[in-house]
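Residues in the sequence shown are numbered from 4 upward in steps of one, following the working numbering.
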Amino acid sequence: MLRKTLSIAFLMSTAVPLFSQDSTSTAEPPLKISGYVDAYYRYNFSDPKESFNTGGTSFTNSQNSFQLGMASLKAEYSTGKVSVVADLGFGPRAKEFSYADPDYLVPVKQAFVSYAPSEAVKFTIGKWSTHIGYELVDPALNKNYSMSYMFSYGPFTHTGIKADFTLGKGNGLMIGIANPTDVTAPSSAPTKTLLGQFSHVGDKFSAYLNYQGYFGAKASLPSASNLNQLGLTLIGTLSDKFSIGYDGTIQSVKNEEADETQSWWGSALYFNFMPTDKFGLCLRTEYFGDEKYALKTGADIFQSTLSANFKIGNLLIIPEIRIDNASKEIFEKGDGGSSKTTATGILAAVFTF
Numbered sequence: 004m005l006r007k008t009l010s011i012a013f014l015m016s017t018a019v020p021l022f023s024q025d026s027t028s029t030a031e032p033p034l035k036i037s038g039y040v041d042a043y044y045r046y047n048f049s050d051p052k053e054s055f056n057t058g059g060t061s062f063t064n065s066q067n068s069f070q071l072g073m074a075s076l077k078a079e080y081s082t083g084k085v086s087v088v089a090d091l092g093f094g095p096r097a098k099e100f101s102y103a104d105p106d107y108l109v110p111v112k113q114a115f116v117s118y119a120p121s122e123a124v125k126f127t128i129g130k131w132s133t134h135i136g137y138e139l140v141d142p143a144l145n146k147n148y149s150m151s152y153m154f155s156y157g158p159f160t161h162t163g164i165k166a167d168f169t170l171g172k173g174n175g176l177m178i179g180i181a182n183p184t185d186v187t188a189p190s191s192a193p194t195k196t197l198l199g200q201f202s203h204v205g206d207k208f209s210a211y212l213n214y215q216g217y218f219g220a221k222a223s224l225p226s227a228s229n230l231n232q233l234g235l236t237l238i239g240t241l242s243d244k245f246s247i248g249y250d251g252t253i254q255s256v257k258n259e260e261a262d263e264t265q266s267w268w269g270s271a272l273y274f275n276f277m278p279t280d281k282f283g284l285c286l287r288t289e290y291f292g293d294e295k296y297a298l299k300t301g302a303d304i305f306q307s308t309l310s311a312n313f314k315i316g317n318l319l320i321i322p323e324i325r326i327d328n329a330s331k332e333i334f335e336k337g338d339g340g341s342s343k344t345t346a347t348g349i350l351a352a353v354f355t356f
């Protein structure tokens, strides 16, 4: 719901109608087109021989090179109680985002149809971005350009069916069932993932309690029969210039081969300061725990990222500095050694339309 709410707010401010309207008309056109293109330069000061060893997060693992992020195009059409969304992306970011899909499905970030029989109920079927987490795949919707560890280790997307219920007084409920996480079109999917969210959206404070999981699986993640993930996202607006966000999640997986339950967790704060509509700062601090080797790091990591946002019309320029500190020497250095600490600088540009 958080990802969806932020995306809608962005699209309403940037969408370009394909049909002209009379100057006295107040009706919105049924078709909206929006998109963006982003590119960046990244330098890791450890200068490792293998670029992937500069960090373990999504989308920005190059070293001392200019890179294309993604060219994205999103179409929305609504008529009466029915709406459809086709959200396509091309480039390295899109390929990583759809890592579990065959090549012909990689460009499909989202594709779904919704039916709202009333103002209080909406049903959706197709593929959509996950409800879990604070950050989004689209860089124009984030204040930081690099991604958190929690975002990077998912989930990214769900393909299935869900129902959204408006409960009144800013409260909402979502329940759904989907294919295995991040898998769009498996030849067979005997294991289904249960999805859930309870949300409260207010003028000054919003909260989202999220869940995904499955039980008794015979075929899903390798050697995993059970998976449970809980997430909590909070947003507090202190003034028109300052807000604080919180994101926390924990995932546990039952490993049948090792006959044990492995888990990882994370917690992050986002301090957003926007003194003007053309300039802003975001400080992200994240603690990520993987001492049980549920993922590949096998370490606890604390990272701090400071990003500036300069807006020139539809152009967003993001200079960023990031420092990662781990409990073990997991970051490669240029001399072939390893270190507990690594630092990275990024200069990114995002143009929206």
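Cβ coordinates follow ideal geometry from the N, Cα and C atoms, glycine included.
The model shown is predicted, which means the values in this text are computed figures rather than measured ones.
Under the three-state reduction of DSSP output, residue 351 falls in the strand class. Around the beta carbon of residue 162, 16 or more other beta carbons lie within 10 angstroms, which makes this residue buried. Of the candidates 308, 105, 36, 294, 294 places its Cα closest to the Cα of residue 266. Scanning its chain for C-beta atoms nearer than 6 Å, with the 5 sequence neighbours on each side dropped, one finds around residue 286 the residues 274, 309, in chain order. Look at residue 33 here: in three-state DSSP terms it is coil, with no helix or strand label.
The C-alpha of residue 298 is placed about 19 Å away from the C-alpha of residue 341. Classified as exposed, residue 279 has fewer than 16 neighbouring CB atoms from the shown chains inside 10 Å of its CB. Under the Cβ criterion (8 Å, minimum of three pairs), the stretch 204–215 counts as touching the stretch 233–246.
Membership of residue 117 in the beta strand (DSSP E) is indicated by the continuous run 111–121. Between residue 170 and residue 122, the alpha-carbon positions lie close to 10 Å from each other.
Only exposed fits residue 337, as fewer than 16 other CB atoms lie within 10 angstroms of its CB. Boundaries of the alpha helix (DSSP H) around residue 153: 152–155. In the DSSP assignment, residue 323 falls within the beta strand (DSSP E) that extends over 318–329.
Put simply, the backbone Cα of residue 231 is about 6 Å away from that of residue 254.
In its chain, beyond the 5 residues on either side, 127, 177, 178, 179, 198 have a beta carbon closer than 7 Å to the beta carbon of residue 165. Beta bridge pairing from DSSP links residue 132 with 160.
Here residue 77 carries a strand assignment [DSSP, helix/strand/coil]. Ranking 344, 335, 355 by CA distance to the CA of residue 50 puts 335 first. The C-beta of residue 104 has 16 or more other C-beta atoms within 10 Å across all chains shown, which makes the residue buried. With a threshold of 16 other beta carbon atoms within 10 Å, residue 188 falls short and is exposed.
Judged by their CB atoms, residue 45 and residue 65 are nearer to each other than the 7 Å cut-off. For residue 198, the three-state secondary structure derived from DSSP is strand. DSSP, reduced to helix, strand and coil, places residue 99 within a helical segment of the structure shown.
Using a Cβ distance threshold of 7 Å, residue 270 and residue 303 do not count as a contacting pair.
Burial state of residue 85 is exposed, judged by a 10 Å Cβ sphere holding fewer than 16 other Cβ atoms. If you draw a straight line from the Cα of residue 119 to the Cα of residue 135, it is about 23 Å long.
In the structure shown, residue 142 adopts helical secondary structure according to DSSP, grouped into three states. Taking the Cα positions, residue 245 is about 45 Å away from residue 192. Cβ contact annotation for residue 40 (same chain, cutoff 6 Å, sequence separation greater than five): 74, 354, in chain order. Boundaries for residue 192: no beta strand (DSSP E) harbours it, and the DSSP string shows neither H nor E there. Of the residues assessed, residue 190 falls on the exposed side of the cut-off, its CB having fewer than 16 other CB atoms within 10 angstroms. Collapsing the DSSP output to three states places residue 137 in coil.
Assignment of residue 293 by DSSP, reduced to helix, strand and coil, places it in the coil class.
Of the residues assessed, residue 318 falls on the exposed side of the cut-off, its CB having fewer than 16 other CB atoms within 10 angstroms. Under the 10 Å beta carbon count, residue 159 is surrounded by 16 or more other beta carbons and is classified as buried.
The stretch 228–272 contains, as complete beta strand (DSSP E) runs of 3+ residues, the segments 245–258 (chain order).
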